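In what follows, a single structure is set out as structure tokens and then discussed.
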Amino acid sequence: MPRKKISLIGGGQIGGVLTQLIAKRQLGDVVLFDIVEDMPQGKALDIAEASRVDGFDVKVTGTNSYEDTKDSDIVIITAGLPRKPGMSRDDLLTTNAEIMKVVAENVKRTSPNAIVIIVSNPLDAMVTLFKEISGFEPNRVMGQSGVLDSSRFATFIAWELGVSVKDINALVLGGHGDTMVPLKRYANVNGIPVMELLEKKYGSKEKADEVMNAIIERTKMAGGEVVKLLKTGSAFYSPASSTVAMVEAIIYDEKRVLPVCAFLQGEYGVNGYYVGVPVILGEKGVEKVIEIDLNEEEKALFENSVNAVKNLVADMKRLGY
Ligand code: APR
Numbered sequence: 000m001p002r003k004k005i006s007l008i009g010g011g012q013i014g015g016v017l018t019q020l021i022a023k024r025q026l027g028d029v030v031l032f033d034i035v036e037d038m039p040q041g042k043a044l045d046i047a048e049a050s051r052v053d054g055f056d057v058k059v060t061g062t063n064s065y066e067d068t069k070d071s072d073i074v075i076i077t078a079g080l081p082r083k084p085g086m087s088r089d090d091l092l093t094t095n096a097e098i099m100k101v102v103a104e105n106v107k108r109t110s111p112n113a114i115v116i117i118v119s120n121p122l123d124a125m126v127t128l129f130k131e132i133s134g135f136e137p138n139r140v141m142g143q144s145g146v147l148d149s150s151r152f153a154t155f156i157a158w159e160l161g162v163s164v165k166d167i168n169a170l171v172l173g174g175h176g177d178t179m180v181p182l183k184r185y186a187n188v189n190g191i192p193v194m195e196l197l198e199k200k201y202g203s204k205e206k207a208d209e210v211m212n213a214i215i216e217r218t219k220m221a222g223g224e225v226v227k228l229l230k231t232g233s234a235f236y237s238p239a240s241s242t243v244a245m246v247e248a249i250i251y252d253e254k255r256v257l258p259v260c261a262f263l264q265g266e267y268g269v270n271g272y273y274v275g276v277p278v279i280l281g282e283k284g285v286e287k288v289i290e291i292d293l294n295e296e297e298k299a300l301f302e303n304s305v306n307a308v309k310n311l312v313a314d315m316k317r318l319g320y
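The sequence shown: position 63 = 62 (numbering that gives the first Met the number 0), numbered continuously.
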């Protein structure tokens, strides 16, 4: 099997960690692109110089030219600016949409057959814009959000129950914002419902609900919790790891069932929007959207989240994108 070519557009915090993770796992040759002169070359060199100790043979290069990303199999986009003090949501949307426009035009030109994973925020809007500008088929344009949100949900559940996080299955649906929907009914520990274990632990359904609701709130605000502690930026280790899980599923054609920001065409009663839902992820990208049954309460929360995505996309259109 020829080695894959994976290009990372944006060589900031997430781009740097992604480069190292991809190299260490030998998932493919990595090209790290950024508009900042010399910086991606410096990061790539630094990471490549660990190849002996880390034991990888894949090539790691940094560049300021899209030509070097030509014919990539996978493109991961983390380009964008974080929100700065005094910046409104519209300001951020305009700034990052302007960046995404340039990125999408260049990726379309240089890697017309790539599978594209977008990480830049505001995620649901950025994925939509990329798809519209590139015209790529929806199965190969997706966003990373649910893998991370679900990992955060699972981590908090594991801490609460005092069990291995490896045995936790937890799913978060919806947009990548405050309206996301962590599904308590589907959360389980190797098949045992988490709610059942919480009820046993606390002796009442009310207390179990209270504990679970606190976990859900923490999950929804988890990105902000990290921002508040870091002070200089947003989470980057966990977003990079989550993106690598998606890359692995694609490269090894794993058919993993992962929550992905995917283009809905009638599924869940939504048409023409990107929303976080479970999908089968394989060599063709999003191979199938999996529709799970939602009860009335879950449906209402999901619809609320879909409306938030619709408003975000409407805002972006109002700003001229
Ligand atoms: N083309 C390519 N790269 C760009 C462009 C552009 N037009 N404009 C900015 N960049 C680069 C910056 O130079 C910077 O190196 O994007 C990089 C972003 O890196 P960071 O600011 O370190 O942000 P990071 O923590 O990596 O997060 C990236 O992912 O999770 C989201 O909210 C987060 O939108 C942010 C993105």
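Where a beta carbon is used, it is the ideal one built from N, C-alpha and C, also for glycine.
Values in this document were obtained by computation on a predicted structure and should not be read as measured data.
Own chain partners of residue i with C-beta closer than 6 Å, once the 5 adjacent residues on each side are dropped
i    : result
V74  : S6, V106, S110, A113 and V115
E266 : V288 and E290
L91  : R82
K130 : V140
D53  : K23
L257 : V146 and L280
T93  : L318
Y201 : A207
Nearest-angstrom beta carbon gap, residue j and residue i [assumed within contact, 8 Å]
i    : j    : result
V180 : A186 : With 8 Å as the limit, V180 and A186 do not qualify as a contact, their Cβ atoms being about 12 Å apart.
S233 : P39  : That pair is no contact at about 20 Å.
G161 : A78  : With a Cβ gap of about 40 Å, G161 and A78 do not count as contacting.
G176 : V274 : About 11 Å; that fails the 8 Å criterion.
L20  : V243 : 5 Å
E286 : N138 : 7 Å
G142 : L122 : 5 Å
8 Å CB neighbourhood of residue i in its chain, flanking five on each side removed
i    : result
K3   : L26, G27, D28, D72, I73 and I250
A96  : A124, M125, L128, M315, L318 and Y320
D89  : D314 and L318
K100 : L128, I132 and Y320
V226 : G232, S233 and A234
N270 : L263 and Q264
Alpha carbon of residue i to alpha carbon of residue j, nearest angstrom
i    : j    : result
A248 : I291 : 21 Å
K42  : G61  : 7 Å
L300 : T178 : 8 Å
L277 : S240 : Reading off the sequence, residue 277 comes out as Pro, not Leu. Approximately 18 Å, taken between the alpha carbons.
D148 : V118 : 13 Å
G222 : F155 : 13 Å
N294 : K183 : 12 Å
G190 : P84  : 44 Å
I98  : S163 : 41 Å
G15  : T68  : 16 Å
S87  : D56  : 44 Å
Residue i, DSSP secondary structure in three states
i    : result
K287 : strand
N105 : helix
D350 : No answer is possible for residue 350: the residues shown for the chain start at 0 and end at 320.
D28  : strand
N212 : helix
K298 : helix
Y251 : coil
I219 : It should be pointed out that residue 219 corresponds to Lys in this sequence rather than to Ile. The answer is helix: DSSP assigns K219 an H, G or I state.
T62  : strand
G190 : coil
L182 : coil
V74  : strand
M86  : coil
S149 : helix
K277 : It is worth fixing the name first, because residue 277 is Pro in this sequence and not Lys. If DSSP states are grouped into helix, strand and coil, P277 belongs with the strands.
V226 : helix
V256 : strand
V57  : coil
Q143 : coil
Own chain residues within Cβ distance below 7 Å of residue i, not counting five before or after
i    : result
S150 : S237 and S241
V159 : Residue identity differs from the one stated: residue 159 is Glu in this sequence, not Val. Within the same chain, E159 has close Cβ partners V210 and I214.
K204 : E198
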